[in-house]
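Chain order of the listed sequences is A and B.
With my numbering applied, the first sequence has no gaps in its numbers, which climb one by one up to 1268 at the end.
With my numbering applied, the second sequence has no gaps in its numbers, which climb one by one up to 1268 at the end.
Comments concern the structure below.
There are 2 protein chains.
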Amino acid sequence: MNRQTLIRHIQQKKSVLCVGLDTDINKIPSHLLQEENPVLAFNKAIIDATKEFAVCYKINTAFYEAQGIQGWETMAQTLAYIPDTIFTIADAKRGDIGNTSEQYAKTFFETYPFDSVTVAPYMGEDSVKPFLQFENKWAIVLGLTSNKGSHDFQLQQVGNKLLYEQVFEKVMEWGTPYNLMFVVGATQGAQLKQVRAICPQHFFLIPGVGAQGGDVPTVCTHAMNEEAGILINVSRGIIYSGSDTHFAEAAHDAAKAYQQEMAVFL
Amino acid sequence: MNRQTLIRHIQQKKSVLCVGLDTDINKIPSHLLQEENPVLAFNKAIIDATKEFAVCYKINTAFYEAQGIQGWETMAQTLAYIPDTIFTIADAKRGDIGNTSEQYAKTFFETYPFDSVTVAPYMGEDSVKPFLQFENKWAIVLGLTSNKGSHDFQLQQVGNKLLYEQVFEKVMEWGTPYNLMFVVGATQGAQLKQVRAICPQHFFLIPGVGAQGGDVPTVCTHAMNEEAGILINVSRGIIYSGSDTHFAEAAHDAAKAYQQEMAVFL
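See below:
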């Protein structure tokens, strides 16, 4: 999906909501365990219940990989079930030397046709560039994350900057606002404005809202740009908002509530 | 596999050779394409030809993931074919927030029972620690890599150190020489000695020998410690050393030559 189309969908739905499908078989309602594929049944119900409000779905690949081949099959079937009008993210945090990153890009752009994949920057330019060579596909590079461990390296001083600021400046040289986004952790509210100043045009994928403590108004106020420019991911706060046979209705209501908070800013 | 067993195998074989199974279906001898599973047939032949000289096999997961479900099946079958006496590495470069890294650890320690997995450090402590909670399993954290992109961040000054030096010092606090190794790029010959001074006890996984330009004597001289303490990975320099029906013999001869270079230092 290209940038223009993504922005049009955001305007039409008045939403920047990304629903995170971090589906853990141990956390889904027990009545689904009698289904042939419980995780797929859960994901389909969540997609049906939330697609009116979401402009994006993010599949956390770890939860599928841990199930082995059946997990990859479920991931492929979930991806195929997501409507074509909704942007998709393989949240896979890949990155390696050039010939290996090429294989990862092939995995998540061709073998599994996602619109985008999250990428770790530690190995530098040749580890990121292979993800930027596909038309209408996106690399979403880790900039500033929302976890406690972000203090270990990302928030360390490098010369007169913090490491994550240097990551933004360097990585922006490798791609454009048409093929490159950044992960920006939302619990770091005070820093969102500063990151937007460094990087005015690129889309940010913003996790950390809901279970991790961030909130929608803070994020929209500090991180949006003129073309919206953000996708706010909520995983556990939507998909596990109900735990019984009404889980899909609960997810619908939670997604609607998030969308309505976002609409004020769009 | 525990540290003591790994060291015993190194002493018995007089080898620190890790053979990298970065098997690309486009690069294997054409006569194998008529096999039911060409990549598996290739891997089995390579393992048979090199297991006398190798103390470790490293599977680069990207090359398998790109083939989808069949790739994961091939990876599992290759792993099962490696003798139990040989250490195994899932070269997967994973790392994410805690609950997600737990799923990756489960993937590569339980679903696919490797001895170790490579881990990216950018997200800090809670992204690495879940890989250190399994008995006789290892996290191999990216310290200093061998690619050009290592200059973008790893070799930047952070306070009075370089970033990679800070990564070593921090990450060493999270694990022990019994569950934690580091990736150290061998083309950076001058730095190997310095890294060993920072980190005297831990094993290093050293890629970059062969196709990437490093050489065995330089690595052994600068990076070994009293218990060997290194695994030198060679991928393309062994597995693609022959391209016709004699590919396995060529791999055997290449592995033997590397082992003989190593034996001098053991």
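Backbone N, C-alpha and C fix where the C-beta goes; we use that ideal spot for every residue, glycine too.
Asked, Found
"Ser1017/A classed as buried or exposed, judged by whether at least 16 other C-beta atoms fall within 10 angstroms", "buried"
"CA-to-CA distance, Lys1139/B to His1204/A, given in whole angstroms", "40 Å"
"Proximal residues to Phe1065/A (C-beta, below 7 Å), its chain only, five neighbours per side dropped", "Asp1024, Thr1025, Asp1026"
"When Thr1220/B, Ala1188/B, Tyr1083/B, Leu1134/B are compared against Gln1105/B, the one with the closest alpha-carbon", "Leu1134/B"
"Nearest-angstrom beta carbon gap, Leu1081/A and Val1057/A [assumed within contact, 8 Å]", "In fact, because the Cβ distance is near 16 Å, the residues do not count as touching under 8 Å."
"Neighbourhood of Pro1179/A by C-beta distance below 6 Å, restricted to the same chain and skipping five residues each side", "Gln1203, His1204"
"8 Å Cβ cutoff, Asn1149/B in contact with chain A", "yes"
"Cα-Cα separation, Gly1239/B to Ser1129/A", "21 Å"
"Limits of the unbroken alpha helix (DSSP H) element including Ser1129/A", "1127 to 1130"
"Nearest residue (CA-CA) to Ala1256/B, options Glu1127/B, Val1021/B, Arg1010/B", "Val1021/B"
"Range covered by the beta strand (DSSP E) that runs through Val1236/A", "1232 to 1236"
"Cβ contact (3+ pairs, closer than 8 Å) linking the stretch 1087 to 1105 of chain A and the stretch 1094 to 1103 of chain B", "yes"
"Opposing strand residues paired with Glu1093/A [DSSP bridges]", "Per the sequence shown, the amino acid found at residue 1093/A is Asp instead of Glu. Looking at the DSSP assignment, Asp1093/A forms a beta bridge with Asn1062/A."
"Per-residue contacts from Gln1159/B into chain A (C-beta, under 9 Å)", "Val1160, Gly1161"
"Closest by C-alpha distance to Met1226/A, when choosing among Leu1157/A, Phe1267/A, Phe1110/A", "Phe1267/A"
"Paired residues, beta bridge with Ile1208/B - DSSP", "Ile1234/B"
"Contact check, Val1185/A vs Val1218/A, beta carbons under 8 Å", "no"
"Minimum Cβ-Cβ distance from Ile1028/B to chain A less than 8 Å", "Per the sequence shown, residue 1028/B should be read as Asn rather than Ile. So, not an interface residue."
"Beta-carbon neighbours of His1153/A, restricted to chain B and to distances below 9 Å", "Gly1126, Glu1127"
"Beta-carbon neighbours of Val1169/A, restricted to chain B and to distances below 8 Å", "Phe1155"
"Collapsed DSSP secondary structure at Ala1043/A in the structure displayed", "helix"
"Own chain partners of Met1003/A with C-beta closer than 7 Å, once the 5 adjacent residues on each side are dropped", "Phe1089, Asp1117, Asn1138"
"Any C-beta of chain B under 8 Å from that of Pro1132/A", "no"
"Interface residues of chain B facing Leu1144/A [CB-CB closer than 8 Å]", "Tyr1124, Met1125"
"Counted within 10 angstroms of its Cβ, other Cβ atoms place Thr1215/A as buried (16 or more) or exposed", "In the sequence as presented, Thr is not what sits at residue 1215/A; that position holds Gly. Exposed is the call here."
"Contact list for Ala1141/B against chain E, beta-carbon separation under 9 Å", "The chain inventory of the structure shown lacks chain E, comprising the protein chains A and B."
"For Lys1150/A, the residue or residues it bridges with in DSSP", "In DSSP, Lys1150/A forms no bridge with anything."
"Contact set between Gly1070/A and chain B, taken where Cβ atoms lie within less than 9 Å", "Trp1074, Ala1078, Thr1109, Thr1113, Tyr1114"
"Distance CB(Val1041/B)-CB(Thr1076/B) smaller than 8 Å", "yes"
"When Ile1061/B, Ala1122/B, Ala1047/B are compared against Pro1115/B, the one with the closest alpha-carbon", "Ile1061/B"
"Range of the contiguous alpha helix (DSSP H) that encloses Ser1103/A", "1100 to 1108"
"Where Tyr1106/A meets chain B, residues with beta-carbon distance less than 8 Å", "Ala1064, Glu1067, Ala1068"
"Environment of Thr1087/B [buried if 16+ CB atoms lie within 10 Å]", "exposed"
"Beta-carbon neighbours of Asp1217/A, restricted to chain B and to distances below 9 Å", "Residues of chain B passing the Cβ test: none, with the nearest at roughly 18 Å."
"For Pro1209/A, the nearest candidate out of Gly1191/A, Gln1196/A, Ala1199/A, Ile1200/A (CA to CA)", "Gly1191/A"
"First through last residue of the beta strand (DSSP E) which encompasses Gly1073/B", "Per DSSP, Gly1073/B belongs to no beta strand (DSSP E); it is in the alpha helix (DSSP H), 1070 to 1083."
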